[in-house]
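Notes follow the structure.
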Amino acid sequence: MSTVPEPHVFVILGGTGDLAGRKLLPAIFHLSRDGHLSERSAILGVSRDEEMNDAAYRSWARDALERSGLDPEELAAWCDANLYYHAIGKGGPDEYRALCGRIEWLEKSLDLPGNRAFYLALPPGAFPSSIEGMAAAGLHRSTGWTRLVVEKPFGRDLETARDLNQILHRHFEESQIYRIDHYLGKETVQNLLVFRFSNVMFESLWSRDRVESVQITVAEELGVESRAGYYDTAGALRDMVQNHVAQLVSLIGMEVPSSFDADSVRYEKIKLLKAISPIRPHDVVLGQYDRGRVDDVEVPGYLAEEGVPSDSRTETFVGLKLEIDTWRWQGVPFYIRTGKRLPHRLTQIAVTFREPPVCLFESVGGCQTHPNVLFMTLQPNEGFALCFDVKVPGEPFALRTLPLDFYYRDAFGDMPDAYETLLLDILIGDQTLFVHGDWTEESWRLFTPILEQESAVHSYPAGTWGPRAAEDLLARRGHSWMGLADIREHHGLPSDE
Numbered sequence: 315m316s317t318v319p320e321p322h323v324f325v326i327l328g329g330t331g332d333l334a335g336r337k338l339l340p341a342i343f344h345l346s347r348d349g350h351l352s353e354r355s356a357i358l359g360v361s362r363d364e365e366m367n368d369a370a371y372r373s374w375a376r377d378a379l380e381r382s383g384l385d386p387e388e389l390a391a392w393c394d395a396n397l398y399y400h401a402i403g404k405g406g407p408d409e410y411r412a413l414c415g416r417i418e419w420l421e422k423s424l425d426l427p428g429n430r431a432f433y434l435a436l437p438p439g440a441f442p443s444s445i446e447g448m449a450a451a452g453l454h455r456s457t458g459w460t461r462l463v464v465e466k467p468f469g470r471d472l473e474t475a476r477d478l479n480q481i482l483h484r485h486f487e488e489s490q491i492y493r494i495d496h497y498l499g500k501e502t503v504q505n506l507l508v509f510r511f512s513n514v515m516f517e518s519l520w521s522r523d524r525v526e527s528v529q530i531t532v533a534e535e536l537g538v539e540s541r542a543g544y545y546d547t548a549g550a551l552r553d554m555v556q557n558h559v560a561q562l563v564s565l566i567g568m569e570v571p572s573s574f575d576a577d578s579v580r581y582e583k584i585k586l587l588k589a590i591s592p593i594r595p596h597d598v599v600l601g602q603y604d605r606g607r608v609d610d611v612e613v614p615g616y617l618a619e620e621g622v623p624s625d626s627r628t629e630t631f632v633g634l635k636l637e638i639d640t641w642r643w644q645g646v647p648f649y650i651r652t653g654k655r656l657p658h659r660l661t662q663i664a665v666t667f668r669e670p671p672v673c674l675f676e677s678v679g680g681c682q683t684h685p686n687v688l689f690m691t692l693q694p695n696e697g698f699a700l701c702f703d704v705k706v707p708g709e710p711f712a713l714r715t716l717p718l719d720f721y722y723r724d725a726f727g728d729m730p731d732a733y734e735t736l737l738l739d740i741l742i743g744d745q746t747l748f749v750h751g752d753w754t755e756e757s758w759r760l761f762t763p764i765l766e767q768e769s770a771v772h773s774y775p776a777g778t779w780g781p782r783a784a785e786d787l788l789a790r791r792g793h794s795w796m797g798l799a800d801i802r803e804h805h806g807l808p809s810d811e
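Numbered per the numbering used here, the sequence shown finishes at 811, counting up by one with no gaps.
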């Protein structure tokens with residue numbers, strides 16, 4: 315497969331929205347500037363604003379890109395050479411036929427071969443009508459390739475996910491559909507596969523025989539900010555668990571694919587989800603943050619946030635225990651916690667290995683040994699750390715846990731933006747890092763029952779690691795939540811920040 319995209323038209327439906335200005339256009343600009351895109355390409359922004367034209371859109375885009383800290387002079391030339399605009403009005407059949415005509419005009423004017431990518435940078439409620447409108451105008455087919463990019467969320471539950479997939483598959487082949495989850499574009503997430511399958515020393519330990527438990531923490535220190543209107547209808551389960559967190563579970567737990575291609579990797583991820591047992595009510599903890607302190611600043615509780623109903627029961631924290639019924643993972647609990655207004659921003663996976671069967675190093679207080687723990691940090695300080703015991707020099711005999719670590723910033727400097735990786739994959743036709751329709755339905759099959767059941771929503775102070783019930787969830791198996799920072803602090807080591 316070529317790594318240089320063919321000439322194409324990149325159409326952004328929702329071309330004047332926040333996603334386009336904050337993420338998509340900067341990513342496309344960087345790809346173009348770095349020589350990853352063909353010079354014979356065009357970006358067509360589409361929105362309802364009938365007062366806007368090509369010149370006005372280029373001006374809007376320059377302002378948006380300048381806010382990203384890019385050079386104004388370089389931006390002006392790039393915008394004038396690459397950006398176009400089309401108003402779609404109310405999005406009726408005639409408007410979509412006019413959009414088709416505008417694309418064909420661009421292809422003829424720029425001598426393009428008919429390759430098209432359509433990015434639905436729209437609210438989820440607009441997906442069905444947009445897909446139907448495109449198909450009615452014949453935009454689902456062209457003389458070259460046609461690819462459709464769909465932003466998450468992919469439905470609100472199993473039924474709506476199935477409905478969305480049916481609409482998509484009515485007009486597009488699965489090979490044309492790119493369901494985008496920006497988490498999968500992060501270099502550290504991709505490196506989970508490399509870490510597992512290129513390093514036999516870890517892959518040989520990756521099973522119930524050696525692993526005691528797996529923990530996944532996806533923490534945010536922010537509250538709902540300006541997203542209360544969306545968040546209160548979604549909650550942490552829809553916003554984070556069903557997509558981002560479930561993807562991490564899939565990558566950590568999946569079997570070795572037959573090859574590193576899109577179909578093989580996606581097949582193993584789907585197979586892993588199918589093997590997860592139905593989640594029992596007593597293995598679910600929901601929470602909602604109350605007022606507290608984050609970074610030593612007093613912050614309001616969720617119910618006091620602007621735009622949140624005073625009687626809302628929307629969860630801002632989810633704790634889960636998953637059980638995977640496979641030969642590899644039978645009996646190994648996968649613990650998940652994610653939430654808002656936690657102590658700090660962190661995405662970290664902790665794989666705890668089993669302790670030695672016999673303790674050789676005892677002290678007055680009992681066995682001195684600690685389990686080896688592998689920490690995989692995906693943000694903010696991306697890297698890996700393997701914690702193991704060493705003898706402290708001198709007398710009396712004592713052991714201490716120390717990390718053997720690696721950080722991307724030390725080896726590679728700044729990490730590329732996830733959208734740059736994903737947009738380039740779309741344009742070269744690589745679906746490895748994109749979500750398959752069957753995966754979305756399997757994920758919703760797991761989590762929809764939690765949405766449908768009546769569950770207690772526990773309060774927790776902002777700035778803490780969630781409700782007490784989340785600690786009890788692990789304590790039942792003799793486990794506790796852990797982080798690399800906790801180990802460093804416990805042993806008097808400097809922070810990894």
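Beta carbons are placed, not taken as given, at the ideal position from N, Cα and C, and that holds for glycine.
From a predicted model like this one, the values you see are computed outputs, not experimental measurements.
Could you check if residue i belongs to the surroundings of the ligand HEM, using beta carbon to heavy atom distance under 8 Å?
{"i": "Arg-790", "result": "Looking at this structure, you won't find the ligand HEM or any other ligand, since it has none at all."}
Can you check which of these residues, the options, is closest to residue i by C-alpha distance?
{"i": "His-322", "options": "Ala-401, Glu-421 and Glu-387", "result": "Glu-421"}
{"i": "Gly-777", "options": "Ile-740, Tyr-603 and Arg-493", "result": "Tyr-603"}
{"i": "Arg-627", "options": "Ala-664, Gln-662, Val-687 and Leu-551", "result": "Leu-551"}
{"i": "Ala-548", "options": "Leu-351, Gly-653 and Phe-726", "result": "Gly-653"}
{"i": "Thr-640", "options": "Tyr-544, Asn-686 and Leu-586", "result": "Leu-586"}
{"i": "Pro-407", "options": "Lys-705, Ala-451 and Pro-657", "result": "Ala-451"}
{"i": "Leu-498", "options": "Trp-779, Gln-767, Glu-766 and Leu-736", "result": "Leu-736"}
{"i": "Leu-478", "options": "Gly-797, Gly-439 and Leu-413", "result": "Gly-439"}
{"i": "Asp-546", "options": "Ser-423, Ala-435, Asp-625 and Phe-324", "result": "Asp-625"}
Expressed to the nearest angstrom, what Euclidean distance is found between the alpha-carbon atoms of residue i and residue j?
{"i": "Val-599", "j": "Glu-535", "result": "19 Å"}
{"i": "Glu-734", "j": "Asn-557", "result": "20 Å"}
{"i": "Leu-389", "j": "Ala-369", "result": "14 Å"}
{"i": "Tyr-722", "j": "Thr-457", "result": "43 Å"}
{"i": "Tyr-399", "j": "Thr-317", "result": "28 Å"}
{"i": "Pro-595", "j": "Ser-769", "result": "8 Å"}
{"i": "Ile-326", "j": "Met-729", "result": "25 Å"}
{"i": "Ile-402", "j": "Ser-361", "result": "6 Å"}
{"i": "Gln-693", "j": "Asp-425", "result": "43 Å"}
{"i": "Thr-715", "j": "Asn-686", "result": "9 Å"}
{"i": "Asp-731", "j": "Asp-739", "result": "13 Å"}
{"i": "Met-690", "j": "Ile-663", "result": "5 Å"}
{"i": "Gln-490", "j": "Glu-465", "result": "14 Å"}
{"i": "Thr-460", "j": "Leu-351", "result": "17 Å"}
{"i": "Leu-562", "j": "Val-532", "result": "10 Å"}
{"i": "Trp-779", "j": "Pro-717", "result": "23 Å"}
{"i": "Ala-412", "j": "Thr-661", "result": "45 Å"}
{"i": "Pro-467", "j": "Ser-382", "result": "25 Å"}
{"i": "Ser-773", "j": "Arg-659", "result": "20 Å"}
Short of 7 Å in beta carbon distance, which residues of its chain neighbour residue i, apart from the five on each side in sequence? Order them along the chain.
{"i": "Phe-620", "result": "The amino acid at residue 620 is misidentified as Phe; the sequence shows Glu. So the list reads Ala-542, once near-sequence residues are dropped."}
{"i": "Trp-392", "result": "Phe-343 and Ser-346"}
{"i": "Leu-788", "result": "Tyr-649, Ser-794 and Trp-795"}
{"i": "Ala-673", "result": "Per the sequence shown, the amino acid found at residue 673 is Cys instead of Ala. Correct list, in chain order: Cys-681 and Thr-683."}
{"i": "Arg-791", "result": "Pro-647"}
Less than 8 Å between C-beta atoms, sequence neighbours within five positions excluded: which residues of the same chain meet that for residue i?
{"i": "Leu-507", "result": "Leu-565, Phe-574 and Val-579"}
Near residue i, which residues of its chain fall below 6 Å by C-beta distance, leaving aside the five closest residues on each side in sequence?
{"i": "Phe-486", "result": "His-454 and Leu-462"}
{"i": "Ile-481", "result": "Pro-442 and Ile-445"}
{"i": "Asp-597", "result": "Lys-635"}
Quiz item: Are the stretch 754-773 and the stretch 458-478 touching by the rule of at least three beta carbon pairs closer than 8 Å?
Solution: Judged by Cβ distances under 8 Å, the stretch 754-773 makes contact with the stretch 458-478, as three or more pairs qualify.
Quiz item: Quick one: any contact between the stretch 488-505 and the stretch 614-625, if contact means 3 or more CB pairs under 8 Å?
Solution: These segments do not touch.
Self-check item: Runs of alpha helix (DSSP H) wholly within the stretch 717-743 (minimum 4 residues, chain order)
Solution: Counting whole runs of 4 or more residues, the stretch 717-743 contains the alpha helix (DSSP H) stretches 722-726 and 732-742.
Self-check item: Three or more C-beta pairs below 8 Å linking the stretch 666-674 and the stretch 701-712
Solution: The stretch 666-674 makes no contact with the stretch 701-712; the number of CB pairs closer than 8 Å stays below 3.
Quiz item: Is there contact here, the stretch 739-747 with the stretch 565-579, by at least three beta-carbon pairs under 8 Å?
Solution: With a cut-off of 8 Å, the stretch 565-579 and the stretch 739-747 count as touching, because enough Cβ pairs lie within range.
Quiz item: Do the stretch 624-640 and the stretch 766-785 touch if we need at least three Cβ pairs shorter than 8 Å?
Solution: In short, these stretches touch, since the Cβ pair count reaches three.
Self-check item: Given 8 Å, three or more beta-carbon pairs between the stretch 415-433 and the stretch 513-526
Solution: Because the criterion of three Cβ pairs below 8 Å is not met, the stretch 415-433 and the stretch 513-526 do not touch.
Quiz prompt | Segments assigned alpha helix (DSSP H), at least 4 residues, entirely inside the stretch 403-484 | solution = Entirely contained in the stretch 403-484, the alpha helix (DSSP H) runs reaching 4 residues are, in chain order, 407-423 and 441-450.
Self-check item: Whole alpha helix (DSSP H) elements within the stretch 521-581, 4-residue minimum
Solution: With a minimum length of 4 residues, the continuous alpha helix (DSSP H) runs that stay inside the stretch 521-581 are 542-550 and 560-567.
Quiz item: Taking the runs of the beta strand (DSSP E) that are 3 residues or longer, which of them lie wholly in the stretch 380-406?
Solution: Fully enclosed beta strand (DSSP E) runs of 3 or longer: 397-401.
Quiz item: Which runs of the alpha helix (DSSP H) fall wholly inside the stretch 766-807 and span at least 4 residues, in chain order?
Solution: DSSP runs (the alpha helix (DSSP H)) wholly in the stretch 766-807: 782-789 and 798-804.
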